[in-house]
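Using this note's numbering, the first residue of the sequence shown is number 263, and each one after it goes up by one.
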Amino acid sequence: MSDPTARLDKLEADNRRLRRLLDQSNAPGELRHRLRNTVAMLRMIIRRSADTERDIESYAGHIEDRLDALARAQAQADETGCVDLHKMIADELTFYKADESERIVLTGPKLALSAKAGQVFGLAIHELAVNAVEHGELGSSRGRLDVEWHVVDADPQAILTLAWQEEERRDVAQPTHNGFGMEVLTKMLVYELDAQTSLDFAGDAFRCTIRLPLTQKVGTVVL
């Protein structure tokens with residue numbers, strides 16, 4: 263059995279064991295609910311990664327990174343009860359050795375996401391960061407990344423808009439293969455958070471804009 267295959271078998275076994283432990287536990291209702299959400303997210307990552315990756319080696323490498331991104335968001339939620347949007351983005355970029363600087367700018371109000379919204383957003387930011395490393399700004403010494411978010415009051419619900427803008431990308435052709443990242447941005451965000459996502463590949467720039475209703479289940483602006 264190859265190493266990648268062995269790692270994947272272990273992930274599946276760990277996931278099954280987690281589900282059994284959760285069913286047998288006497289944890290408080292809220293904790294059990296959060297754990298069920300996390301286990302469901304783990305199952306989705308494992309299954310959808312298998313459906314969208316081209317080979318077993320790519321699957322094994324990418325799935326570990328995705329689970330790490332999920333763990334970072336969950337760790338923040340466990341520690342503070344919510345996920346700070348700015349910190350989550352900064353932590354993900356730092357993981358790829360891309361700290362805030364003149365070329366990498368994050369701007370927006372302090373926003374506290376719920377644990378579930380933090381997981382989903384964390385995966386979306388992770389996929390954008392991976393794409394930027396492999397094709398875009400984070401793989402270039404001269405590129406620029408701007409991530410800006412704002413909240414607009416509206417009736418009946420305030421709207422959160424996040425824009426991820428890369429300039430001086432090396433490769434801006436629209437992908438022909440719909441991988442896991444595209445699934446997260448165009449399907450998972452829609453299904454889980456009722457979001458709308460637009461992707462713009464133009465010249466040497468790339469822009470991803472995510473809009474969603476800022477309900478109590480998603481998060482709140484911290485004044």
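The C-beta atom is built at its ideal place from N, Cα and C for all residues, glycine as well.
Remember, it's a predicted structure, so these values are computed and weren't measured experimentally.
Beta-carbon separation of residue i and residue j under 8 Å?
| i | j | result |
| --- | --- | --- |
| residue 381 | residue 408 | no |
| residue 351 | residue 325 | no |
| residue 377 | residue 333 | no |
| residue 391 | residue 429 | no |
| residue 389 | residue 446 | yes |
| residue 419 | residue 459 | no |
Go ahead and pull the three-state DSSP assignment for residue i.
| i | result |
| --- | --- |
| residue 409 | strand |
| residue 520 | Residue 520 cannot be examined here, being either before or after the span of the chain that is shown, 263 to 485. |
| residue 374 | strand |
| residue 458 | strand |
| residue 486 | Examination of residue 486 is not possible in this model, given that the chain is present from 263 through 485 alone. |
| residue 317 | coil |
| residue 305 | helix |
| residue 263 | Residue confidence for residue 263 is low, a pLDDT of 42 falling below 50, so the modelled location carries little weight; the figure read from the coordinates is stated next. Three-state DSSP puts residue 263 in coil, outside helix and strand. |
| residue 474 | strand |
| residue 353 | helix |
| residue 346 | strand |
Where do the N-terminal and C-terminal ends of the beta strand (DSSP E) with residue i fall, by residue?
| i | result |
| --- | --- |
| residue 422 | 421-429 |
| residue 482 | 481-483 |
Among residues of its own chain, excluding the 5 on either side of residue i, which ones have a beta-carbon nearer than 8 Å to its beta-carbon?
| i | result |
| --- | --- |
| residue 371 | 411, 412, 413, 483 and 484 |
| residue 330 | 357 |
| residue 310 | 442 and 445 |
| residue 479 | 376, 378 and 379 |
| residue 348 | 368, 370, 372 and 373 |
Once you ignore the five residues that flank residue i on each side, which residues in its own chain have a CB closer than 7 Å to its CB?
| i | result |
| --- | --- |
| residue 393 | 443 |
| residue 369 | 410 |
| residue 456 | 474 and 475 |
| residue 363 | none |
| residue 303 | 332 and 381 |
| residue 448 | 459 |
Can you give me the start and stop residues for the alpha helix (DSSP H) that residue i sits inside?
| i | result |
| --- | --- |
| residue 362 | Counting along the chain, residue 362 falls outside any alpha helix (DSSP H), and DSSP gives it neither H nor E. |
| residue 444 | 442-445 |
Roughly how far, in whole angstroms, is the beta-carbon of residue i from the beta-carbon of residue j, given that I think they are within contact range, below 8 Å?
| i | j | result |
| --- | --- | --- |
| residue 481 | residue 375 | 4 Å |
| residue 469 | residue 462 | 4 Å |
| residue 355 | residue 366 | 6 Å |
| residue 400 | residue 360 | 5 Å |
| residue 425 | residue 471 | 5 Å |
Looking only at its own chain, which residues have a Cβ that is under 6 Å from the Cβ of residue i, when we skip the five neighbours before and after it?
| i | result |
| --- | --- |
| residue 343 | none |
| residue 440 | none |
| residue 307 | 328 |
| residue 422 | 413, 474 and 476 |
| residue 454 | 382 |
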